[in-house]
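Enquirer: Here my numbering is used: the first residue of the sequence shown is 297, the next is one more, and so on. Shown below is the structure under consideration.
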Amino acid sequence: MAALAFGAAALQVLPVGQARLERSAAPDALGPPEAVESAPVLRTVEPKGPAPARASVLSAMRYTIGPTRRVDARLAGAQLWEPSLVVTHAGSDSAQDDQIAAIWMEGRRSGEMTDTRIGSASSFDGADAWTTTELVAPAGSTGTQFDPMTAVDATTGRTYVGAMSRDAAVGASDTVWLAYKDASAAQPGGPRAIFVQSGVDKGWMAAGTPPAPLNGSVLYVLFKAAALGSLGLRSLDEGATFEPFAIPDGVGHQPRIGPGGVLTISFSGSVGSARASTLVRSVDALESISQPLIQVPMAATRRQLDDAVPGGFRIPDLAMHAVDPVSGRLYLLYNDVTGTSGGEADVNLLLRDSIDGGANWSEPRIVNGDASPAGDQFMPWIECDAQGRLHLAYFDNRRNVAPDAGDIALLDVYYALSTDGGSTWEEARLTGAPLHAQSTWWNPLGYGTQFVGDYLGMAVSRHAVYVAYPGDDAGEVGMMVTRIDFAGIPSSPHRTRAIPTDTIGSRIRRPAPFR
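Written out as structure tokens, the structure is:
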């Protein structure tokens, strides 16, 4: 079977004008590493209230880890970050027939700068063998390629991949672009620009069944758009045309489509001057958006979070979430400083869940294991499979605890599984050798720095979960994909509830600003 590659074909693009979406100045997006706060920092963070409870984390595991494969092109000196991947199933009862498409940022060092492109790989045998290519941007989308994103539409079998491009030239516009591949098609479609505007950042996609009375399928592309605030592009014709909608302003809008086509969006927003992990929903495909179902102010500022982990890279405060595809149970996941250990700030992963559509939420609980003195766990990704099982992946330095102010960080990647809604976890390390943060480097526009990305990648099939991450390969940075088989592990009990129907009074109609 031919490799899953994405070439050139025509897409009709709906122009996105500046008149429809007049927004106030946006808070700083994560941006390139040099864009982080430079003001003096207080390293001591004092979380308010009682310390979060810890979930039960077990070292025993019922799943099987492996294989792990390096899937990038092994270019000398390349840097690799921010993977995104999707999986489809060929129809058998084995993970060996899972088909995976993975893309990532690939930095190619040239002098003092980094030529950043999008790497791509595909597997048709459950992540055992891979074919590696470069995902080529559309004509005219020059400059730094960044923030890869993927989605698969189970209703049509179409796989979408996309990214952004930024030209350093003064006055140049950024581009959001998209390509696709149909399961039965011999040739791919795209890539083609779907949005052109300066200042785009942090895009993610979701595809699937739209809410009634809409029919067919829906594709959402959400991202930061500088002076326009934050945008959601919606396509009801499989990516042929898009319509723009204003969405609550913030960074890292992660869309999920749940039962009944209800769209939920998690992102890093704000409460007063504090960043806040936020979750909203739309029951009408972005025509309106609810008030926040939950907003959790961060104990640490962006810079305090960066300084709470050793190494010279940033620690994103993105809010991740998952939706049970049967019950609609909601899970909100984020990393934050939860206290101190040995005089150093302790960063952990915090999970909250709601079984009633977001009306009520559990108290936060720490869902990672740790060492003594404690290490840091950060940059998590979470998925909920069709059986209600939760899958979690994240960076972890517990095996090599170091002072927060140190320049050296040795990072492992861990995976954890929960079959009881997040109360108990089975945790295991995926990496043999840790990634040395000083082996990472990125300089797209200005001063170079350590950089391990802002997120990991994960995709789930009926039989296995696939985790993508930058890892160590004999001292080089490689893009790794590990398969974890969970066939035979019991399903998580589903808790049913009614699909939410927001009242007009709770909605925010576009283009009114989110408050």
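Cβ coordinates follow ideal geometry from the N, Cα and C atoms, glycine included. Only a predicted model underlies this, so the values are computations on that prediction, with no experimental measurement involved.
Can you give me the start and stop residues for the beta strand (DSSP E) that ASP781 sits inside?
Expert: Residue mapping note: residue 781 aligns to position 485 of the sequence shown, counting from 1. Element bounds for ASP781: 772 to 781.
Enquirer: Under 8 Å by Cβ, that's how I've got SER292 and ALA397 pegged, so tell me the actual separation to the nearest angstrom.
Expert: This structure does not reach residue 292, given that the chain is present from 297 up to 811, and the question cannot be answered.
Enquirer: With ALA733 and VAL756 assumed to form a contact (beta carbons below 8 Å), what rounded beta-carbon distance in angstroms separates them?
Expert: In the sequence shown, counting from the first residue as 1, residue 733 sits at position 437. In the sequence shown, counting from the first residue as 1, residue 756 sits at position 460. No, ALA733 and VAL756 are not in contact; Cβ-Cβ is about 28 Å, not under 8 Å.
Enquirer: Using only alpha-carbon positions, find the residue among SER416, ALA425, ALA369, GLY495 that is nearest to GLN392.
Expert: As a working mapping, residue 392 is identified with position 96 in the sequence shown. Checking every option, the nearest Cα to that of GLN392 belongs to ALA425.
Enquirer: Classify VAL337 as helix, strand or coil using the three-state DSSP reduction.
Expert: Stepping through the sequence shown from its first residue, residue 337 is reached at position 41. Only weak support exists for where VAL337 lies, its pLDDT of 33 falling under 50; the coordinates are left without a value.
Enquirer: Jot down the residue ranges of each uninterrupted beta strand (DSSP E) in the region 398 to 442, minimum 3 residues, whole runs only, in chain order.
Expert: Taking only runs of at least 3 residues, the beta strand (DSSP E) segments lying wholly in the region 398 to 442 are 409 to 419, 427 to 430.
Enquirer: Please classify GLU723: is it buried, with 16 or more other beta-carbons within 10 angstroms of its beta-carbon, or exposed?
Expert: For the purposes of this step, residue 723 is taken as residue 427 along the sequence shown, with counting starting at 1. With 16 or more other Cβ atoms within 10 Å, it is buried.
Enquirer: Looking only at DSSP bridge pairs, what is PRO551 linked to?
Expert: To locate residue 551, count along the sequence shown from 1; it is residue 255. Per DSSP, ILE561.
Enquirer: One question on the structure: do SER735 and VAL773 come within less than 7 Å of each other, judged by their Cβ atoms?
Expert: In the sequence shown, counting from the first residue as 1, residue 735 sits at position 439. In the sequence shown, counting from the first residue as 1, residue 773 sits at position 477. For SER735 and VAL773, yes; Cβs fall inside 7 Å.
Enquirer: Could you name the residues that DSSP lists as bridge partners for LEU527?
Expert: Numbered from 1 along the sequence shown, position 231 holds the residue referred to as residue 527. Partner(s): PHE519, ALA542.
Enquirer: Roughly how many whole angstroms lie between the Cα atoms of ASP394 and ASP620?
Expert: Here residue 394 refers to the residue found at position 98 of the sequence shown. Here residue 620 refers to the residue found at position 324 of the sequence shown. Spanning the two alpha carbons is a distance of roughly 21 Å.
Enquirer: How long is the line joining the alpha carbons of VAL663 and MET675, rounded to whole angstroms?
Expert: Along the sequence shown, one-based indexing puts residue 663 at 367. Along the sequence shown, one-based indexing puts residue 675 at 379. Taking the straight line from one Cα to the other gives about 13 Å.
Enquirer: DSSP on ASN631, reduced to helix/strand/coil?
Expert: Looking up residue 631 in the sequence shown gives position 335. Correct three-state label for ASN631: strand.
Enquirer: So ASP603 is in the alpha helix (DSSP H); what residue range does that whole segment cover?
Expert: Along the sequence shown, one-based indexing puts residue 603 at 307. Per DSSP, ASP603 belongs to the alpha helix (DSSP H) from 598 to 603.
Enquirer: When you compare the CB positions of ARG462 and ASP478, do they come within less than 7 Å of one another, or not?
Expert: Reading the sequence shown from its first residue, position 166 is the one you call residue 462. Reading the sequence shown from its first residue, position 182 is the one you call residue 478. No, they are not a contact pair.
Enquirer: With distances taken Cα to Cα, identify the nearest neighbour of ALA701 among PHE691, ARG610, ILE561.
Expert: In the sequence shown, residue 701 corresponds to position 405, counting from 1. Measuring from the Cα of ALA701, the nearest candidate turns out to be ARG610.
Enquirer: Spatial neighbours of GLY528 within its chain, please: CB distance less than 7 Å, with the 5 preceding and 5 following residues excluded, ordered by chain position.
Expert: One-based indexing of the sequence shown puts residue 528 at position 232. Taken in chain order, the residues that qualify are TYR516, LEU518, PHE541, ILE543, LEU582.
Enquirer: May I have a chain-ordered list of the beta strand (DSSP E) segments no shorter than 3 residues that lie completely inside the region 696 to 779?
Expert: Complete beta strand (DSSP E) runs here, min 3: 706 to 714, 720 to 725, 753 to 756, 760 to 769.
Enquirer: So the candidates are TYR359, PRO348, ALA349, ALA347; which of them puts its Cα closest to the Cα of THR715?
Expert: Mapped onto the sequence shown, residue 715 falls at position 419. Among TYR359, PRO348, ALA349, ALA347, the Cα nearest to that of THR715 belongs to TYR359.
Enquirer: Could you check whether PRO484 and TRP473 sit closer than 7 Å to each other, using their CB atoms as the reference points?
Expert: If you number the sequence shown from 1, residue 473 lands on position 177. If you number the sequence shown from 1, residue 484 lands on position 188. Cβ distance not < 7 Å, so TRP473 and PRO484 don't count as in contact.
Enquirer: Roughly how far, in whole angstroms, is the beta-carbon of SER562 from the beta-carbon of ALA604, given that I think they are within contact range, below 8 Å?
Expert: The residue you call residue 562 lines up with position 266 of the sequence shown. The residue you call residue 604 lines up with position 308 of the sequence shown. Their Cβ separation, rounded to whole angstroms, is 22 Å, which puts SER562 and ALA604 out of contact at 8 Å.
Enquirer: Taking the alpha-carbon positions, what's the ARG695 to LEU510 distance?
Expert: In the sequence shown, residue 695 corresponds to position 399, counting from 1. In the sequence shown, residue 510 corresponds to position 214, counting from 1. Going by the C-alpha atoms only, they are around 51 Å apart.
Enquirer: Just to check my reading of the structure: THR745 and GLY548 have Cβ atoms closer than 8 Å, yes? What is that Cβ distance to the nearest angstrom?
Expert: Taking the first residue of the sequence shown as position 1, residue 745 is located at position 449. Taking the first residue of the sequence shown as position 1, residue 548 is located at position 252. Contact doesn't hold; Cβ gap of about 20 Å is too wide.
Enquirer: Below 6 Å CB to CB, which residues in the same chain sit around ALA682 once its five sequence neighbours on both sides are set aside?
Expert: In the sequence shown, residue 682 corresponds to position 386, counting from 1. If we look at ALA682 and ignore the five residues flanking it on each side, its Cβ neighbours are PRO621.
Enquirer: To which residues does DSSP link ILE662 through a beta bridge?
Expert: The sequence position of residue 662 within the sequence shown is 366, counting from 1. In DSSP, ILE662 forms a bridge with ARG350, LEU646.
Enquirer: Taking DSSP as the reference, what is the three-state secondary structure of LYS498?
Expert: Along the sequence shown, read from residue 1 onward, the residue named residue 498 stands at position 202. Three-state result, LYS498: strand.
Enquirer: With DSSP collapsed to three states, give me the class of GLY504.
Expert: Here residue 504 is taken as the residue at index 208 of the sequence shown, counted from 1. It is a strand residue.
Enquirer: Beta-carbon within less than 8 Å of LEU371's beta-carbon, same chain only, minus the 5 sequence neighbours each way: which residues are those?
Expert: Position 75 of the sequence shown, counted from the first residue, corresponds to residue 371. If we look at LEU371 and ignore the five residues flanking it on each side, its Cβ neighbours are GLU402, ARG404.
Enquirer: If distances are taken between C-alpha atoms only, which option among GLU534, ASP545, PRO507, ALA508 comes closest to GLY525?
Expert: Stepping through the sequence shown from its first residue, residue 525 is reached at position 229. Nearest of GLU534, ASP545, PRO507, ALA508 to GLY525, Cα basis: ASP545.
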